[in-house]
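In structure tokens:
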């Protein structure tokens, strides 16, 4: 995972991070959240999701897939300096905007011309679209596709993989190459809604892996009984080979 998207476990940051506790700082952020939710509720992958939705019959101009993975990918594509400069929903706005431009829904020139006065769409059967989004909010889209088929039982010693970086990852960078112990296996095989290029996408088990702080930070780890736990897809785990 690129540096700016997972600060957990890093040392030597120049100053303490200030954590904003308000969900929405400004009113426009609620609209960005709503746009994201609507895009998820109209995503084309929902036609084969669990549960399946009659998405092909919804009269919407949105004809692409949009999931949390797409939102995260948009943020991770930002220049690190921009990433730290903008607030949470400003990053969302940037990712969503770039997605619409890349997919041809709007041009940069059209966006510039609309700044300060957006015009509501006309002639759209809004009721059917609203019904689909509300159904999605109520029923969701389960990533579980089967019962678990784990290759690593509870208690297994594992080494965390170090796959080549791609557009998006769910692997915390500071865990790469570290060793831990499987503490729990979740009950199902879970898909990720997109293929990240570093191993996840198809249904697979998910584990909670326990790490000793000294195995991550060495002698600089704080003293005490603390342990670190991470939820990891099976593609990020490898067995520890015993020395002969």
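Numbering (this note's numbering), first residue to last: 31 to 274.
Glycine is no exception: its CB is placed at the ideal position from the N, C-alpha and C atoms.
Source: prediction; values computed, not measured.
Within the stretch 160 to 199, the beta strand (DSSP E) runs of at least 3 residues that lie entirely inside it are, in chain order, 174 to 177, 187 to 190. Shortest Cα-Cα distance from residue 268 to any of 233, 205, 163 involves 205. Distance check between residue 155 and each of 88, 58, 191 places 88 closest, using alpha-carbon atoms only.
Pairing residue 85 with residue 53, the inter-Cα distance amounts to about 30 angstroms. Residue pairing by DSSP places residue 234 opposite 220 in a beta bridge.
Of the candidates 234, 248, 259, the residue whose Cα lies closest to the Cα of residue 265 is 234. Residue 227 carries a coil assignment under DSSP once its states are collapsed to helix, strand and coil. Across the structure, residue 254 and residue 193 are spaced so that their CA atoms are roughly 32 angstroms apart. When C-alpha distances from residue 161 are compared across 63, 238, 68, the shortest belongs to 68. Apart from the 5 residues on each side of it in sequence, residue 59 sits with its Cβ closer than 6 angstroms to the Cβ of 119 in its chain, given in chain order.
Sixteen is the threshold: since fewer than 16 other Cβ atoms of the shown chains lie within 10 Å of the Cβ of residue 78, the residue is exposed. 93 is the residue among 245, 208, 210, 93 whose C-alpha sits nearest the C-alpha of residue 71. Bounds of any beta strand (DSSP E) do not take in residue 118; it lies within the alpha helix (DSSP H) bounded by 118 to 132.
Taking residue 102 as reference, the option from 217, 174, 200 with the minimal CA-CA separation is 200. With fewer than 16 neighbouring CB atoms inside 10 Å of its own CB, residue 98 falls in the exposed class.
Annotation: residue 219 to residue 184 spans about 16 angstroms, alpha carbon to alpha carbon.
Between residue 106 and residue 198, the CB-CB gap stays under 9 angstroms.
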